[in-house]
């Protein structure tokens, strides 16, 4: 039963488009879910995709458009008239409609909006476009089922039959007072299991979670996850019910947030995919590599400063990649744990405790690694003082790297900067330079140069 | 309205426990959501947490227990009798109940199960315990609303009023034939908007998504995300309806998967948090550092082999941390993009195309960086041949690092191994060694030694 995207299927679609066999195409696509059609269209070229979009009903294609890769959607929309786009928009829920419009070039947005016929839909979309996309307002939809506390169950059932038609999925029914202020919720289940002459106020639950329209989407995601909510109402400062956010949008927020942090840790500016163009990938990758290059050139300077000991203790120079790797790896580990902890709100307790813990942890790790280095030196017949100097300096470098990896993200977070930027190349590069400098200075103190 | 965990609140709770003021404690906790109570309990010591769990009704505490940190839940459960745990289990949905039991030591599991009074609940939990936790069966709950296709809307409403009591949230109503085979679905909305004498078969949607009980949870997550589902039915090979999976459990799967990949990329064995013990954190971190150390010691060997050119071209040695950093950074970038692409099923097309693309991409990046290195050499008055040798070798190292970063994860994935292990320290370490070796060999060819 599950859909499989095959080369044969794509070829079949391409031939049907070539032959302009509209009847066959329509009957073929009729079987598929809009998400599957979007997968097929992602594989076609632009003209073919536009052909299919123009061929099918806007009831189907509006959802297909929303599921397309952003780049491909942009190309397809460029080939549709403002009126055609407006027809697609009419079929979408307000949140998706606002998203689609906001992706259009400024000058087309107005044109498309003026072509929307349904006045209420138009007004609601305009309202949503005014909110910042990173806030609850930017994520919410206007579609919801709302009842007044004074209604009876029977009257309520009658009326929500009308409202529910516009709402794809009814999660909760929101109860408002006569000023449209949110005062409770009830589930469809509560409604159908209640007696028909009961008042809504009697069966509704006044313990309703909500978020403010200006709340950050990440905070909304945290609340919905914590309380296992599938939808949450959005209110303004007067507690007036404005819209609702559903879990499917939150799933996207969680994924995007995780992807972004992962890419930052790997040294990639956010929002690229393996199949993006070489130019886009270069734009995302080169800046971080240049940062790393400057760090490496910094190390060149530092080591040049110790050129005079090259003939007396050459082994120190052999160990520099090891020192840089250790400083980098420890820093990345520490920063990753803290960044993840900050994201999950699980970093608690005092800074002093964390400092002591990180020192203890890195001393244990450093000591174990230092013993291995001494053992290695013994095996290859290295001078003992040199081995000890290298091991002890490496241990110090590890402690410092752990502290930097831990506290740079914490400090950034306290200043309201995304701590995820302090992972990956940023921490590796700064720890590389500092580590190599520290290594030579400490080894110099022990060996005496 | 939103809950804030404050030191004052925790202190207040601790004092009330100390004073054994049960009445005040009960009335305090009555106001809070179970997820909030769990947050408070996570901050208390073991005895205090057990005190609260024993004090409150199992209707509340069963949910609180499920929300606790795993370590703390384990400690609390150790202090409850098998009968007390069974009472908590009675209040939980079957999926949570099975999860809680599976966390207990083997010998206690049987004892707890035998104490469950509700025979149906007991049988269902036993069934769920038999499934692998990484499969749909391990994630599903037995609670669902099921109707027969031959029923009328009115009869259906009557009967599901009974079934719905046991189901926290009714997403979809599943339609089965007389052999309990899944043949369709309908929403509560469809039901309340239908005429009461219509047959279920007339209003139900036969286009129902489902997963097989042995499907991998990550595949279930992909399907539910793709089709924006909030619940999906689970069937066996005969299409018999066995259970359903809800989106809140899938949100957890997505989070855990993202966290695991992130930690692997940062060189941390999965499943540690910033607030775990030093021992646990060391166990998660030290193995990767030892791997990095061996890589570094490998570099020592390689560089020792080139000791004879130290007096003639010392600058090569100054550049080794830079080369290692570039090889590492490029490798991590390439592997991260591929690992993410594989996770999202967005890596398509032939391997040859990907090879050509990665070579093109790394040549562009490498060329830009090589020019900077030559410029730097010019500024610091370095010998031009040396600068060019360093730049060209670095460029080759970058290309090789990109290819390794790209193809190692792809090969692992094709062999059914999680490609995420080939990110972070693994790729950095192997690229460090290979990069430094390549650097000296190529520089030697150009300069001539």
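Residue numbers (full-length UniProt numbering), protein chains in the order written: chain A, 1 to 449; chain B, 1 to 449.
C-beta atoms are modelled at their ideal positions from N, C-alpha and C, and glycine is treated no differently.
- Within chain A, not a single residue places a beta-carbon under 7 Å from that of residue 308 (chain B); the smallest gap is close to 11 Å.
- Between the beta-carbon of residue 46 (chain B) and that of residue 75 (chain B) there is about 5 Å, and that keeps the pair under the 8 Å contact cut.
- Comparing alpha-carbon positions, the option among B:382, B:212, B:107, B:99 lying closest to residue 133 (chain B) turns out to be B:99.
- For residue 357 (chain B), the neighbours in chain A by C-beta distance under 8 Å run, in chain order, 278.
- Residue contact check for residue 25 (chain B) against chain A: no CB pair falls below 8 Å.
- The count of Cβ pairs closer than 8 Å, one atom from the region 415-432 of chain B and one from the region 324-333 of chain B, reaches three, so the stretches are in contact.
- DSSP lists A:181 as the beta-bridge partner residues of residue 240 (chain A).
- Here residue 339 (chain A) is buried, its C-beta having at least 16 other C-beta atoms within 10 Å.
- Contact between residue 310 (chain A) and residue 310 (chain B) holds: CB atoms are separated by about 6 Å, below the 8 Å threshold.
- With contacts defined by Cβ atoms closer than 8 Å, residue 22 (chain A) and residue 55 (chain A) form a contacting pair.
- Excluding residues up to 5 positions away in sequence, 209, 223, 247 lie with their Cβ nearer than 8 Å to the Cβ of residue 229 (chain B) in the same chain.
- Interface with chain B (8 Å Cβ-Cβ cutoff): residue 317 (chain A) is included.
- Nearest to residue 449 (chain B) by C-alpha distance, out of B:39, B:82, B:308, is B:308.
- Residue 114 (chain A) has a beta carbon lying at 8 Å or more from every beta carbon in chain B.
- Within the same chain, and ignoring the five residues on either side of residue 66 (chain A) in sequence, the residues whose Cβ sits closer than 6 Å to its Cβ are 96.
- Interface with chain A (8 Å Cβ-Cβ cutoff): residue 140 (chain B) is excluded.
- Annotated three-state conformation of residue 32 (chain B) is coil, per DSSP.
- The region 367-379 of chain B makes no contact with the region 405-425 of chain B: fewer than 3 CB pairs, one atom from each, lie closer than 8 Å.
- At a cut-off of 8 Å between beta carbons, residue 333 (chain B) contacts chain A.
- Between residue 217 (chain A) and residue 135 (chain A), the CB-CB gap stays under 8 Å.
- For the region 404-417 of chain A, residues whose beta-carbon sits nearer than 9 Å to a beta-carbon of chain B comprise 406.
- Here residue 173 (chain A) carries a strand assignment [DSSP, helix/strand/coil].
- Residue 101 (chain B): member of the alpha helix (DSSP H) spanning 94-102, first to last residue.
- When only Cα atoms are considered, residue 260 (chain B) and residue 258 (chain A) end up about 11 Å apart.
- The C-beta distance from residue 241 (chain B) to residue 146 (chain B) rounds to 6 Å, short enough to meet the 8 Å contact threshold.
- In this structure, residue 404 (chain B) keeps its C-beta atom at 8 Å or more from the C-beta atom of residue 299 (chain B).
- Each residue's CA atom was taken as its position, placing residue 107 (chain B) and residue 245 (chain B) some 29 Å apart.
- Counting only the Cα atoms, residue 25 (chain B) lies some 14 Å from residue 36 (chain B).
- Between residue 303 (chain B) and chain A, the shortest Cβ-Cβ separation is below 8 Å.
- Across the set A:182, A:203, A:192, the C-alpha of A:182 shows the shortest separation from the C-alpha of residue 211 (chain A).
- Looking at B:213, B:225, B:139, B:157, the one whose alpha-carbon comes closest to that of residue 195 (chain B) is B:157.
- Residues of the region 27-58 of chain B whose Cβ lies closer than 7 Å to any Cβ of chain A, in chain order: 33, 35.
- The bridge partners DSSP lists for residue 146 (chain B) are B:174.
- Using a Cβ-Cβ cut-off of 8 Å, residue 151 (chain A) does not count as an interface residue toward chain B, since no Cβ of chain B sits closer than that to its own.
- Look at residue 216 (chain B) here: in three-state DSSP terms it is strand.
- For residue 395 (chain B), the nearest beta carbon of chain A is not closer than 8 Å to its own beta carbon.
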